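Quick note: the sequence shown uses numbering that gives the first Met the number 0, first residue 0, plus one each step.
Idealized CB from N, CA, C, for every residue including glycine.
As the structure is a prediction and not an experimental result, all values here were calculated from the model.
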Amino acid sequence: MVAQPEAASKSYATLLEPLYDIDNPKFEAVIFRRLYKQIMGPGGLYRRSTEIYPQLGAIFKQDLLTWTFPSGATVRFAHMQYEQDVIGWKGAEIALIEVDEATEMTEYQFFYLFSRNRSVSGATSRMRGTVNPDPFSWVKVLLAPWVDDTWPEDDRAVSGEIRWFVRKDDVITWVDADYPNAISLTFFEADLHDNKILIEKDPGYEAALDALPEFERRRLKEKDWNAKPSGKKFKREWFKFYVDDIPELMQSLEIEKVARGWDKAATANQKKNSRRNGPDYTAGVKVGRRREGLFPRYIILDALWEQKDPGGVEELIQTTALQDGRDCYIYLEQEPGSSGKQDIFNFVTKVLTGFIAEGIPSSGSKELRADSFAAQCKIGNVGLVRAWWNTGYLNFLCAFPDEAVHDDPVDASSLVFNQLYIPTAKDPNEQIRDLRRRVELQQERQAQTTQGMLSQQSMLPEKRKAWWE
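What follows is the structure in structure tokens.
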């Protein structure tokens, strides 16, 4: 895998790689881009290939997008815009597969192509990819030992170092070289100044990169895989208050109420088939509200997000509730209709018996529900406990709203925050209502246990409605 910033000769490196084997009449290479226009358009692979391949006697057949060399060796261009396009390569045997700008492909497309990387031509079967740094791409996970700043410092890989991994059920595990069926991977880093011809012919290009917004400049010029944009609704720089998870410090926060909000999904991790990187998460965000007069008033105490099947979701929420303690309120997003009420009833009476839990019906758009939370974040009124999940959690917030990025942790945050938030004009007797609600919930569950919970399924929603009126 070659990772280089903008204009660092990635495409030329891709076109030169097949030349090692062009004297082999059985050799076949395929170079992929996501879109056809990226191959045939101005500055595309085809235009650049005309500077190289004809000098070696190759002839281009446009209907096949294929260069044929005097020996009979071929280099073909192909595009793969949609995931289902992989079916067209079923049964293919390709000695050299190259993916120019691998971050534009989905993980499923890339590894499906890898399964086609085989040949009896005598040439060494290999796969190459080029990328620009992308902090949200699956490629960053693949290249984590080289590019992820959260990778253990004593295990960081350097440019050109070979590592080995196995991949099963979409999970990458790094192993030793002698591990059965281990796949070798290396990563080479380059920069703008490696493209000496471009710098000589267009000295103003570097100035154009410098003029980019900070995030794009750090990514495309400075090779920064961890540069992330300030958000559309949330901005990273709003979060300046962090507190270490030390008992003495946590006690000094003077938190008056703690709650966790849940946005439930019931889909285990599976093959990716959308712009998003896999199925939705079940996300839980725990927030503490400090006493009036303290700033910031709200502290994100914990955040988690996992992809689970229905049984796994119940186990996750129940286990987390036990860890949070019975003084932690639990709010679950309630889907519309009778099925949503039934789902919440089952959770409250079976999964979360003994906890202060209730369903909160969702209304309005996700963005609208996040408004109050975003407004308090903007003025610095939301802090975080310093923990491993901070970076991932802020990544979700700062990407919202984006259909290519999961919004489940944002939804969970908005849900719990909207239950904890106290506007200036709020009724000062909320603590009394909370206490009444806690006592009534416990009394009701005891009564339902005695009378038979299944025969009383309509009781809980009716009583809950009366409390809010």
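Whether residue i touches residue j by CB criterion (8 Å)
i	j	result
A28	P17	yes
Y297	F416	yes
T352	V312	no
F187	L112	no
A94	F26	yes
K469	P400	Residue 469 lies beyond the stretch modelled for the chain, which goes from 0 to 468, so this question has no answer here.
A302	W237	no
P132	K9	no
L315	E305	yes
V165	Y178	yes
L15	D99	no
L393	V409	no
V13	E106	Before going further, note that residue 13 is Thr rather than Val in the sequence given. Not closer than 8 Å, so no.
F76	L55	no
K227	R235	yes
A141	I171	At residue 141 the sequence reads Leu, which differs from the Ala that was named. Yes, Cβ-Cβ distance for L141 and I171 is below 8 Å.
F294	N380	yes
G283	T319	yes
A356	F344	no
Contacting residues, own chain, Cβ-Cβ under 6 Å from residue i (five flanking each side not counted)
i	result
S361	E332
S413	R368, A369, F372
W66	Y52, A57, F59, V74
V404	A398
Y420	S371
D243	R385
I161	S183, T185
S136	T102
R115	W88, A91, I93
Expected contact under 8 Å - CB spacing of residue i and residue j to nearest Å
i	j	result
D279	D169	15 Å between Cβ atoms; not a contact.
K256	R288	5 Å
E205	L191	6 Å
R47	Y81	Incorrect: roughly 25 Å between the Cβ atoms, too far for contact.
K285	D342	Not confirmed; about 21 Å, so no contact.
P144	W173	7 Å
Q418	I359	7 Å
L64	I38	7 Å
Beta-carbon contacts of residue i that lie in its chain and below 7 Å, excluding the five residues immediately before and after
i	result
Y35	H78
N225	P134, D148
A176	W163
K477	One cannot answer for residue 477 here, as it falls past the ends of the chain, which runs 0 to 468.
R117	E92, S124
F233	A373, C376, L396, C397, F399
R325	G353, F354
K167	none
A411	G260, W261, D262, A282, G283, V284
E468	Since pLDDT at E468 reaches only 39, below the 50 mark, its modelled position is unreliable, and the value read off the structure follows with that caveat. Closer than 7 Å at the Cβ level, and outside the excluded window around E468, lies no residue.
G71	P24
Paired residues, beta bridge with residue i - DSSP
i	result
K60	T65
Y107	Bridge partners of Y107: none, in fact.
M126	I96
F164	W173, I182
T281	E305
L331	W261, G358
F76	I30
K256	R288
V384	V242
Y420	In DSSP, Y420 forms no bridge with anything.
I298	G287, G382
Cutoff 8 Å: residue i Cβ touching any chain D Cβ
i	result
P309	Note that chain D does not occur in the displayed structure, where there is just one protein chain.
Close-in-space but distant-in-sequence residues of the same chain around residue i (CB under 8 Å, 5 per side omitted)
i	result
R274	Because the pLDDT of R274 is 36, which lies under 50, any placement of that residue in the model is unreliable, and the question is left without a value.
E253	R289, R290, L293
G339	Q333, G358, P360
Kindly confirm or deny that the region 9-24 and the region 77-90 touch, where touching means at least three C-beta pairs closer than 8 Å. no
Give a yes or no on contact between the region 325-345 and the region 240-260, applying the rule of three or more CB pairs nearer than 8 Å. Contact between the region 325-345 and the region 240-260 is present, with at least three C-beta pairs closer than 8 Å.
Per the contact definition of three or more C-beta pairs closer than 8 Å, is the region 376-393 in contact with the region 242-255? Put simply, the region 242-255 touches the region 376-393. At least three CB pairs are less than 8 Å apart.
Could you say if the region 118-127 and the region 137-155 meet the contact criterion of at least three C-beta pairs nearer than 8 Å? no
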